[in-house]
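Trainee: Residue numbers (our numbering), protein chains in the order written: chain Y, 3 to 97; chain B, 3 to 97. Next up is a structure, given as C-alpha cells.
2 protein chains.
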Amino acid sequence: MLDPTLLLLASLANGQKHGYAMMTDIEAFAGIRLGAGTLYGAITRAEQRGLIEPAGPAERRQPYRLTPAGRRHLQERLDLLDRVQRAAARRQGAS
Amino acid sequence: MLDPTLLLLASLANGQKHGYAMMTDIEAFAGIRLGAGTLYGAITRAEQRGLIEPAGPAERRQPYRLTPAGRRHLQERLDLLDRVQRAAARRQGAS
DNA sequence: GTGCGATACTACGTATAACGTAATACAATG
DNA sequence: CATTGTATTACGTTATACGTAGTATCGCAC
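Dropping the structure here:
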C-alpha cells in the first residue's frame with residue numbers, strides 16, 4: 003500500500019521513538035496499522051541501510067532516531083510523493 | 003518505492019492507454035521507469051481486481067481504461083498519500 | 001528491400017519483503 | 001493475581017517487484 007519504510011521514517015521525523023511507539027504513532031497519523039512482522043522487519047532493514055540508528059542502548063525497548071541520510075531520504079521520498087500526488091490529482095480532477 | 007498500481011491508475015486517469023504508453027507516460031510524469039515485468043504484472047492484477055478493464059479488443063496492443071471502482075480506488079489512495087505527505091512534511095519542517 | 005531501432009507484449013526465474021501469527025516477557029491496573 | 005497493554009522476536013507463507021530474455025511488428029533510413 004504505502005512503503006512501510008516511509009511511514010517509519012516519517013514517524014521518526016518527529017523525534018526518537020521505539021518500535022511499538024512508531025506503530026501507534028503511524029496508526030494515528032496515517033491510519034495504517036502495521037503488523038509486528040512488517041514493522042520490525044522494516045526497522046531492521048532501515049538500520050542496515052543507515053537510515054535510522056539506535057538512540058542509546060536497548061533495555062526492554064529500543065529507541066531509534068533518523069540519521070542525516072535518513073532525513074535526506076525521507077525528504078526525497080516526500081518530494082516525489084508530492085509530485086506524483088499532484089500530477090495524478092490534476093488528472094483525476096480534469097481528465 | 004511507490005506502488006506500481008497507483009502509478010498505473012494515475013496514468014489511466016488521463017484517458018485510456020495501452021501498456022507501453024503507460025510505461026512512457028509514467029516515466030514522464032513521475033520519473034519512474036517500470037520494467038516490463040513490473041508493469042504488465044501490475045496491469046494483470048489491476049484487471050483481476052476490477053480496477054481497470056480492456057477498452058476494446060486486443061490487436062497488437064491492448065488499451066485499458068479505469069473502471070468506476072478503479073477511479074474511486076485511485077482517489078482514496080491519492081487522499082491518503084496527500085494526508086501522509088502533509089503530516090510528514092510538517093514534521094520534517096518543524097521537529 | 002533490408003537492416004535497425006522503437007514499439008508492444010509475454011514468459012520466465014529470483015529475491016525480497018510484506019503480512020499474519022505465535023511466542024515471550026514485563027508492566028500496569030483493577 | 002489475573003488480565004490487558006506494552007514491546008519485541010521468530011517464523012512461515014505468499015505476493016509481487018524486478019530483471020532479463022524472447023517474440024513480433026512497425027516505421028524509417030539507406
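For glycine and all other residues, C-beta sits at the position ideal for the given N, C-alpha and C. Remember, it's a predicted structure, so these values are computed and weren't measured experimentally.
Mapping DSSP to helix, strand and coil, what is residue 67/Y?
Mentor: strand
Trainee: Could you tell me the alpha carbon to alpha carbon distance between residue 25/B and residue 6/Y, rounded to whole angstroms?
Mentor: 25 angstroms
Trainee: Taking only beta carbons into account, state which residues of the region 18-39 of chain Y come closer than 7 angstroms to chain B, listed in chain order.
Mentor: Going along the region 18-39 of chain Y in chain order, one finds 31, 32 with a Cβ nearer than 7 angstroms to chain B.
Trainee: Using a Cβ cut-off of 7 angstroms, pull out every chain Y residue sitting near residue 50/B, in sequence order please.
Mentor: Near residue 50/B there are no residues of chain Y at all, since even the closest Cβ is about 17 angstroms away, more than 7 angstroms.
Trainee: Here's a check: name, in chain order, each residue in its chain whose Cβ is nearer than 8 angstroms to the Cβ of residue 144/Y, leaving out the five neighbours to either side.
Mentor: Here chain Y comprises residues numbered 3 to 97, so residue 144/Y is not present and cannot be evaluated.
Trainee: Inspect the beta-carbon positions of residue 87/B and residue 83/Y and report whether they are closer than 8 angstroms.
Mentor: yes
Trainee: At a CB distance below 8 angstroms, what residues from the region 81-94 of chain B approach chain Y? Give them in sequence order.
Mentor: 82, 83, 84, 85, 86, 87, 89, 90, 91, 93, 94
Trainee: Check residue 61/Y in the structure and name its three-state DSSP category.
Mentor: coil
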